[in-house]
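The listed protein sequences correspond, in order, to chains A and B.
Quick note: the first sequence, position 188, residue 322 per this note's numbering, numbers continuous.
Quick note: the second sequence, position 171, residue 632 per this note's numbering, numbers continuous.
Heads up, the thing below is written out as structure tokens.
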Amino acid sequence: MIQVQNLRKTFGTVVAVDGVSFTAHDGIVTGLLGPNGAGKTTSLRMIYGLMKPEIGTIQIDGNDALADPLAAQTRLGVLPDQSGLYPRLTAREHIRYFGNLQGLTGAPLEQRMQSLIEILDLKNVADRRVGGFSHGERTKVALARALVHDPQNIILDEPTNGLDVLSTRAVREVIRHVKSENRCVVFSSHVMQEVSALCDRIVVIARGRVVAEGSADELIAQAGTATLEDAFVSLVGPQAAGEAA
Amino acid sequence: MNLAPILTIARKELTDSSRDRRALYGVLIGILIGPLLIGFMLYQIAGQEKAANEIRIPIVGREYAPILVNWLQQQPGVEIVAGPPDAEKSVRERDSEFVLVIEKDFSEKFRESRPAPVKMFSDSTRQSIRAKVRRLRALLGRFSAETGGMRLIARGVSPSIASALKMEDVEVSNAQQRAASIFNVIPMFLLLAAFSTGMQIATDSTAGERERGSLEPLLLNPVPRWQLVTGKWLAAAAVAFCGIVFTLLITSNVLSRLPLEDLGVRYHLGPSDILLLIAAIAPVALVAPALQVYLACFAKSFKEAQSYMGFLVLLVTIPGVLTSFFPLTNRPWLHPVPIAGQFAMSMDILGGKPPAAWAFVLAAVGCVALTAVFLSLATRLLTAEKIIFGR
Chain A
135 MIQVQNLRKT FGTVVAVDGV SFTAHDGIVT GLLGPNGAGK TTSLRMIYGL MKPEIGTIQI
195 DGNDALADPL AAQTRLGVLP DQSGLYPRLT AREHIRYFGN LQGLTGAPLE QRMQSLIEIL
255 DLKNVADRRV GGFSHGERTK VALARALVHD PQNIILDEPT NGLDVLSTRA VREVIRHVKS
315 ENRCVVFSSH VMQEVSALCD RIVVIARGRV VAEGSADELI AQAGTATLED AFVSLVGPQA
375 AGEAA
Chain B
462 MNLAPILTIA RKELTDSSRD RRALYGVLIG ILIGPLLIGF MLYQIAGQEK AANEIRIPIV
522 GREYAPILVN WLQQQPGVEI VAGPPDAEKS VRERDSEFVL VIEKDFSEKF RESRPAPVKM
582 FSDSTRQSIR AKVRRLRALL GRFSAETGGM RLIARGVSPS IASALKMEDV EVSNAQQRAA
642 SIFNVIPMFL LLAAFSTGMQ IATDSTAGER ERGSLEPLLL NPVPRWQLVT GKWLAAAAVA
702 FCGIVFTLLI TSNVLSRLPL EDLGVRYHLG PSDILLLIAA IAPVALVAPA LQVYLACFAK
762 SFKEAQSYMG FLVLLVTIPG VLTSFFPLTN RPWLHPVPIA GQFAMSMDIL GGKPPAAWAF
822 VLAAVGCVAL TAVFLSLATR LLTAEKIIFG R
């Protein structure tokens, strides 16, 4: 479970995140929906400990993440905005490297690697260097190394951006799979179809603030519109919604 | 404390780099360039010295001066051949190294005891023939002095009257010393090897990591930043250390194969010299990669980082340049100064006066301290949001 209270972050005079609060529960997929530049990625970077909020608190499974960021990171599996790989290492070596850094070794690590390779359908390419991989294959490798330590909480920053249909399906499969294991999944996207297809709860962010929160039906009811798309436009304002795909 | 991540990171960086052909070539060049240059220069000097002992003199108009030609022919290692028709052109176009031309009126003037004209054509811009020209000039001078002396004796005058000065030419720089001055570049090449071989890993694992966008995922692992930096540094330092050792071994091998006896130089790098030099230079393998890792953290791309590394290589040549102004040997106060100290100590070892054991320790302490400073600065950089996310 991830609990975020009143996060604030400024870059110079720009207020990127301005009092964001939400809770992502175990066993459901929480979607952060908002136009580009709304503050989704900055909020996530604060949650996974690579940026320091100016004010606010973050709790991961009830532990203060700001007090002990390294302990929080063992409970988090993150597919960040930048998911660069090492072109000269194989898919398997990527997963093993991150497994080792998470403190896993030996047979448990090898078993975990094998099951991830199967879940993500990487069997045919597991021992090839990732330099020649397609975008979809690279995303799968990045996802596998993010999940190698079997984290309770999973954060995915726009995971399906630029993926083809098959890879998008594979990513969705993984999200459904970890959700069925009663894990907490936070998923950000500016694509409404993605969010409505996967998420149980939606947190709508615009201009650094949470403007609405609830299930798709609740958002529609709250906005008094016919579809989620209309609800989104009315919630974030037509100008900001226009920037979303 | 769990230090395993340091080794995990070092191992990954070594594996990654060993698959990078560009990195391997860089390491290979870094190791080979010193020994090969040293070998080439010594071989050239030896060759020139040997060549001057056996010269072949092209003479135009030898029929005008049989007495001179006969005298020359009697000198050891001299061979007379017919000169080219156009001496000046032949030398200018480098068909001949030098040509001696004897004028038509030589025999007439020689008989009349007047200065008999000979001309020597040579090209002083040609470094490689200087020794031969010098020898020929000395031979002609001797012939002139001997003949002049005999003429004076024939007239009942002591030849010493004609010499107002007794000049003794003490040439300080001989071939042996020129060869020795080449040994002085060995420390510089060892320092260069330390800087150039660890450089690829130091830059690829920091600036390259930023460029690929793989730094953010890496930092998501529960590993303290100082361990990340130390792991990357350790990989670079291991390669730099091997670079130093291989450079030394290859240099020693090259020296043992050269005809150094021709130079009158008896020199070879024995096992004890090699061990002492490793002990003296090894601390550079700690500090150089630390400095490189720190600087490369500022760079957004591998290429940007490499341009910084170019300046570092210049830094290494500073002690080498300084030695030509004031000698760095036998200056113990210099030993704790990183890099300059290692250079000075190696010069002392090559000069046959290795510093005391405490000097080695002191010199190492200076480098270790500086290494710690650079690594902690790099750690602070990798905590800065501007560095992590700035692309």
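The C-beta atom is built at its ideal place from N, Cα and C for all residues, glycine as well.
Fair warning: this is a prediction, and the values are worked out from it, not measured in the lab.
Which of helix, strand or coil DSSP assigns to residue i
i, result
"Lys580(B)", "strand"
"Asn140(A)", "strand"
"Arg303(A)", "helix"
"Val108(A)", "Outside the modelled stretch of chain A, which goes from 135 to 379, sits residue 108(A), for which no answer is possible."
"Val212(A)", "strand"
"Ser666(B)", "coil"
"Ala378(A)", "Confidence at Ala378(A) is low in this model, with a pLDDT of 48, below 50, so its placement is unreliable and the value that follows should be read with caution. In the structure shown, Ala378(A) sits in coil (DSSP, three-state: anything other than H, G, I, E or B)."
"Arg335(A)", "strand"
"Ile541(B)", "strand"
"Ile288(A)", "strand"
"Phe124(A)", "This structure cannot speak to residue 124(A), because chain A is shown only from 135 to 379."
"Asp809(B)", "helix"
"Val319(A)", "strand"
"His311(A)", "helix"
"Asp547(B)", "coil"
"Asn258(A)", "helix"
"Asp202(A)", "coil"
"Asn531(B)", "helix"
Neighbour flag for residue i against chain A, beta carbons, 8 Å
i, result
"Gly771(B)", "no"
"Arg841(B)", "no"
"Lys593(B)", "no"
"Lys550(B)", "no"
"Ser657(B)", "no"
"Arg673(B)", "yes"
"Pro466(B)", "yes"
"Lys761(B)", "no"
"Leu680(B)", "yes"
"Ile849(B)", "yes"
"Thr469(B)", "yes"
"Val488(B)", "no"
Host beta strand (DSSP E) of residue i (start-end)
i, result
"Ala519(B)", "A quick correction: the sequence has Pro, not Ala, at residue 519(B). Ile516 to Val521 is the extent of the beta strand (DSSP E) around Pro519(B)."
"Val325(A)", "From DSSP, Val325(A) is part of no beta strand (DSSP E); its letter is neither H nor E."
"Gln193(A)", "Ile189 to Ile194"
"Ala150(A)", "Val148 to Ala158"
"Leu167(A)", "Val163 to Leu167"
Nonlocal neighbours in the same chain, by C-beta distance under 7 Å from residue i, ignoring five residues either side
i, result
"Arg209(A)", "Ile194, Asp195, Pro285, Gln286 and Asn287"
"Asn316(A)", "Asp160 and Gly161"
"Leu823(B)", "His796 and Pro797"
"Gly500(B)", "Val715 and Leu719"
"Ser574(B)", "Arg612"
"Ser330(A)", "Ala350 and Leu362"
"Ile614(B)", "Pro620"
Proximity test, Cβ basis, 8 Å: residue i and chain B
i, result
"Pro214(A)", "yes"
"Ser322(A)", "no"
"Phe232(A)", "yes"
"Ser217(A)", "yes"
"Leu238(A)", "no"
"Arg222(A)", "yes"
"Thr208(A)", "yes"
"Leu235(A)", "yes"
"Leu204(A)", "yes"
Start-to-end residues for the alpha helix (DSSP H) that takes in residue i
i, result
"Gly233(A)", "Ala225 to Leu235"
"Ser853(B)", "The shown model of chain B, from 462 to 852, leaves out residue 853(B), and the question about it has no answer."
"Val745(B)", "Pro732 to Phe759"
"Val594(B)", "Arg591 to Ala615"
"Val560(B)", "Premise fails: Val560(B) lies in the beta strand (DSSP E), Phe559 to Ile563, not in any alpha helix (DSSP H)."
"Trp687(B)", "Arg686 to Arg718"
"Phe821(B)", "Ala818 to Leu842"
"Glu352(A)", "Ala350 to Ala357"
"Glu765(B)", "Phe763 to Leu783"
"Pro797(B)", "It is not in any alpha helix (DSSP H) - Pro797(B) carries neither H nor E in the DSSP assignment."
Contact set for residue i: own chain, Cβ-Cβ below 6 Å, skip 5 residues either direction
i, result
"Ile748(B)", "Note that residue 748(B) is Val in the sequence shown here, rather than Ile. Hits under 6 Å: Pro799, Cys828, Leu831 and Thr832."
"Ala592(B)", "Gln509 and Ala513"
"Glu672(B)", "Ser762 and Phe763"
"Gly266(A)", "none"
"Ala357(A)", "Ala365, Ser368 and Leu369"
"Ser217(A)", "Ala276"
Neighbourhood of residue i by C-beta, 8 Å cutoff - its chain only, sequence neighbours within 5 removed
i, result
"Met326(A)", "Leu167, Leu362, Glu363, Phe366 and Ala378"
| message | What are the residues in the region 263-295 of chain A lying within 9 Å of chain B by C-beta distance? | response | Arg263, Ala276, Arg279, Ala280 and His283
| Which residues, in chain order, does the region 175-191 of chain A contribute to contact with chain B at a C-beta distance below 9 Å? | Arg179, Tyr182, Gly183, Leu184, Met185 and Lys186
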